[in-house]
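The structure appears right after this line, and notes come after that.
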Amino acid sequence: MRRLSLLLGLGLLTGCAGGHPGKYVVFFTENSTQLDTPAQTVITQAAQRAVSSHANVRVEGYAAASHDLSADELLAIDRAKIVARQLAVDGVDASRIRQQPRGPLNNENGALASRRVEIEVGGR
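Quick note, the sequence shown lines up with residues -19 to -1, 1 to 105 if you use mature numbering (1 follows the signal peptide of the UniProt record, and there is no 0).
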């Protein structure tokens, strides 16, 4: 039951980004770089918007700070790369995609927030 609640919560949160029309959020499970179905759906939506508007896309990967900061930083980088790669597969010109891994953050509000990649269509 707890797992179902978590999955439903993730599904509701996936793609929500405070009302910013060009901002999309992809969530990952803990210590994972695997894209699940809701994550792929969010990336596809972002890609469709970017392709239709010929916009640049900024991809920011996050990871929680733990005992191994270098591993956490690599996880954030890998997450950003995977999302950027999927955006390209979905039709976004790779030259329009900018990756900005943010690495481990000690002040993140909760574990879920630190397991995300933000996509901003029309980003800098």
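Cβ coordinates follow ideal geometry from the N, Cα and C atoms, glycine included.
These figures come from a predicted structure and were not determined experimentally.
Could you pull out every residue in the same chain whose Cβ sits closer than 6 Å to the Cβ of residue i, ignoring the five residues on either side in sequence?
i      : result
I100   : Y5, A27, V40
L(-12) : Caution applies to L(-12), whose pLDDT of 38 falls short of 50 and renders its modelled position unreliable; the model cannot decide the point.
R79    : R39
Y43    : A57, R83, S95, R97
Considering only residues of the same chain and omitting the five flanking positions on each side of residue i, which have a CB-CB separation below 7 Å?
i   : result
A75 : A69
I63 : T14, L16
Just the C-alpha distance for residue i and residue j, rounded to the nearest angstrom, thanks.
i      : j   : result
A61    : S33 : 22 Å
V102   : R66 : 15 Å
H35    : G3  : 13 Å
L56    : F8  : 13 Å
R83    : E54 : 8 Å
L(-14) : T10 : Summary for L(-14): the model assigns pLDDT 43, below 50, so the residue's position carries little reliability; its value from the coordinates is reported in the next sentence. C-alpha separation (whole angstroms): 10 Å.
R30    : Q81 : 20 Å
Taking the continuous alpha helix (DSSP H) assigned at residue i, which residues delimit it?
i   : result
V32 : 18 to 34
List the endpoints of the continuous beta strand (DSSP E) containing residue i.
i           : result
E99         : 97 to 102
residue 106 : The structure shown does not extend to residue 106, since the chain spans only -19 to 105, so no value can be given for it.
A45         : 38 to 45
If I'm right that residue i touches residue j with Cβ under 8 Å, what's the distance once you round it to whole angstroms?
i   : j   : result
T18 : D71 : Actually they are not in contact, since the Cβ atoms of T18 and D71 sit about 14 Å apart, beyond 8 Å.
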